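Below: the structure, in structure tokens.
Protein chains: 2
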Amino acid sequence: MTADSRRAVVLSSGGIDSTTAMAMAVSQGFSVFSLTFDYGQRHRHELSAARAVARHLNAEKHLVLETDFRKIGGSALTADIPVPGTGPVENTIPVTYVPARNTIFLAYALAWAETLDAADIFIGVNAVDYSGYPDCRPEYIEAFARVANLGSKAGVEGRITFAVHTPLIHMTKAEIIRTGAALGVDYSITSSCYDPSPEGLACGLCDSCRIRKKGFVDAGLPDPTRYV
Amino acid sequence: MTADSRRAVVLSSGGIDSTTAMAMAVSQGFSVFSLTFDYGQRHRHELSAARAVARHLNAEKHLVLETDFRKIGGSALTADIPVPGTGPVENTIPVTYVPARNTIFLAYALAWAETLDAADIFIGVNAVDYSGYPDCRPEYIEAFARVANLGSKAGVEGRITFAVHTPLIHMTKAEIIRTGAALGVDYSITSSCYDPSPEGLACGLCDSCRIRKKGFVDAGLPDPTRYV
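Line by line, the protein sequences are chains A and B. Numbers 1 to 228, taken from the numbering used here, label the letters of the first sequence in order. Numbers 1001 to 1228, taken from the numbering used here, label the letters of the second sequence in order.
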């Protein structure tokens, strides 16, 4: 069996970035396997958004893996630390940073990719508007790709050369939104808010909402987000 | 806050290798945080063995994380593929290989280490009697350490330089057993079998049992394992 060049695992959070990355994978001819994590995040609404996105973009399969970061702790997204909602968007690593989150997500994506005989993994990380997360930088992604090829049966046997695609890594939020809109993405079904209402309405105040809002303004496109 | 040089996260399966690695961490003065995965493995007995080992070696804490590899599939240890039990121990990558298992385990260990402000991670991988797993080789471990330092807040901020310790990597099984025995490890509480009886007795036939048996013979020490 050789690598099926048409299959790609796409990490999806139901937000703007991963949704755009998925639309780009589709536009490149990949059959998409959407992978989402239920990690006890406060913003549960992103799980239903991710499901809606997988349907919207005709993903071949949508897999939700449970992984309980709360047992480990250390982040405002999963532990009992207040989510920051006021003040300027900081350039330092924020308290919403979850230790090793992308490493854990990419490790599972690799496991699924190897099982599917897929060489390609898409992750919507961004080094421009990336909120200061260290695991969104090109050198980190390159290091992970090395791990993927050295630590997998398919990689070592030379059957698959895994590639971690980061099509958004050098884009601004406005460029991401324009790219997705041009590919027909309906951003009204995506969710970015760190602290949505029980009905899933965005708070409009958290770092993620503010970056999103500014992105639509900068892109010159109407913001379809439903705010409280 | 600076890294607590006395804390180490030790990956534990309740088997001979990880137990010996844990005993070595203790002998080096580390306060041990034992990390075990409940990944739907057939050999559930290893979960109670890991708990017993953590108690035996006075671990500071023992954390069991659930992660369902069965949803991903692709291995005889978690899927419906027969476990091989006859024939010579093969030098190729066996069907018991779980895609990206060590990458997933190390990613969680990194998350916990960063939360604990611990720089040190111990993993009992072995490149001699390693059953052909690609993610037990030194170059793979080095690649992961690079991911750890590039992809974590503590690493990027220069607060912690993460180290992945593989004290067993160049030891034979006999050397591992002699080392642990010299450190006072009671191997009767450990579990290696891929296909134990419901009471937790080892099958004596699977690759893992055969490597274990041979290890005690080669070490010139009595094998305390309870076989069916």
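Using N, Cα and C, we set each Cβ at its ideal position, and we do this for glycine too. Given the structure is predicted, the values throughout are model-derived calculations rather than measurements.
Buried versus exposed call for residue i [16 or more other C-beta atoms within 10 Å across all chains shown]
{"i": "R1279 of chain B", "result": "Outside the shown range of chain B (1001 to 1228) lies residue 1279 of chain B, about which nothing can therefore be said."}
{"i": "A1182 of chain B", "result": "exposed"}
{"i": "H170 of chain A", "result": "exposed"}
{"i": "D1068 of chain B", "result": "exposed"}
{"i": "F1105 of chain B", "result": "buried"}
{"i": "V10 of chain A", "result": "buried"}
{"i": "G158 of chain A", "result": "exposed"}
{"i": "T1115 of chain B", "result": "buried"}
{"i": "T161 of chain A", "result": "exposed"}
{"i": "P134 of chain A", "result": "buried"}
{"i": "N1091 of chain B", "result": "Caution is warranted here: a pLDDT of 48 is assigned to N1091 of chain B, below 50, making its placement in the model unreliable, and no coordinate value can be reported."}
{"i": "G1029 of chain B", "result": "exposed"}
{"i": "R101 of chain A", "result": "buried"}
{"i": "P1198 of chain B", "result": "exposed"}
{"i": "R146 of chain A", "result": "buried"}
{"i": "R55 of chain A", "result": "exposed"}
{"i": "S1012 of chain B", "result": "buried"}
Cβ shell of residue i (< 6 Å), same chain only, five flanking positions each side left out
{"i": "A174 of chain A", "result": "G215, D218, A219"}
{"i": "H1045 of chain B", "result": "S1191, P1196, G1200"}
{"i": "D39 of chain A", "result": "Note that residue 39 of chain A is Tyr in the sequence shown here, rather than Asp. Counting only Cβ-Cβ distances below 6 Å, and skipping sequence neighbours, we find T67, F69."}
{"i": "P222 of chain A", "result": "none"}
{"i": "L1110 of chain B", "result": "A1148"}
{"i": "V1128 of chain B", "result": "T1172"}
Beta-carbon proximity list for residue i, same chain, < 8 Å, skipping 5 on both sides
{"i": "G1184 of chain B", "result": "A1023"}
{"i": "P88 of chain A", "result": "Low per-residue confidence applies at P88 of chain A: pLDDT is 46, beneath 50, and the placement is therefore not dependable, though the value from the model is reported in the following sentence. Answer for P88 of chain A: no residue qualifies."}
{"i": "K213 of chain A", "result": "G204, D223, T225"}
Within chain A, the residues that residue i reaches when beta carbons sit closer than 8 Å
{"i": "A1052 of chain B", "result": "Per Cβ cutoff of 8 Å: no residues; A1052 of chain B is ~20 Å from chain A at best."}
{"i": "P1134 of chain B", "result": "L150, G151, S152, K153, G155, V156"}
Cβ shell of residue i (< 7 Å), same chain only, five flanking positions each side left out
{"i": "D1017 of chain B", "result": "G1124, N1126, L1168, I1176"}
{"i": "Y227 of chain A", "result": "L201, A202, G204"}
{"i": "H165 of chain A", "result": "D120, I121, F122"}
Partner residues on chain B for residue i, Cβ-Cβ distance less than 8 Å
{"i": "Y140 of chain A", "result": "V1147, L1150, G1151"}
{"i": "A143 of chain A", "result": "A1143, R1146, V1147, L1150, G1151"}
Integer Cβ distance of residue i from residue j, believed to fall under 8 Å
{"i": "L1063 of chain B", "j": "E139 of chain A", "result": "L1063 of chain B to E139 of chain A, Cβ: 30 Å. No contact."}
{"i": "V32 of chain A", "j": "A59 of chain A", "result": "4 Å"}
{"i": "A1148 of chain B", "j": "D1120 of chain B", "result": "That pair is no contact at about 11 Å."}
{"i": "F1037 of chain B", "j": "L1057 of chain B", "result": "Incorrect: roughly 18 Å between the Cβ atoms, too far for contact."}
{"i": "T179 of chain A", "j": "T20 of chain A", "result": "6 Å"}
Amino acids of chain A, ordered along the chain, whose beta-carbon sits closer than 9 Å to that of residue i
{"i": "L1063 of chain B", "result": "K71, I72"}
{"i": "G1181 of chain B", "result": "Per the sequence presented here, residue 1181 of chain B reads as Ala, with Gly not at that position. Per Cβ cutoff of 9 Å: no residues; A1181 of chain B is ~31 Å from chain A at best."}
Neighbouring residues, chain B, relative to residue i (Cβ below 7 Å)
{"i": "E175 of chain A", "result": "Near E175 of chain A there are no residues of chain B at all, since even the closest Cβ is about 24 Å away, more than 7 Å."}
{"i": "A127 of chain A", "result": "Neighbours of A127 of chain A on chain B: none; closest Cβ ~13 Å, over 7 Å."}
### Task
Check each residue of the region 153-166 of chain A: if its Cβ is closer than 9 Å to any Cβ of chain B, include it; give the result in chain order.
K153, A154, G155, V156, E157
### Message
By the 7 Å beta-carbon criterion, what residues does the region 96-120 of chain A contribute toward chain B?
### Response
Y97, P99, A100, N102, T103, I104, A107, Y108, L110, A111, W112, E114, T115
#### Entry: Within 9 Å of chain B by C-beta, residues of the region 18-41 of chain A in sequence order
none
### Selection of the region 1196-1208 of chain B by Cβ proximity to chain A, strictly under 9 Å
none
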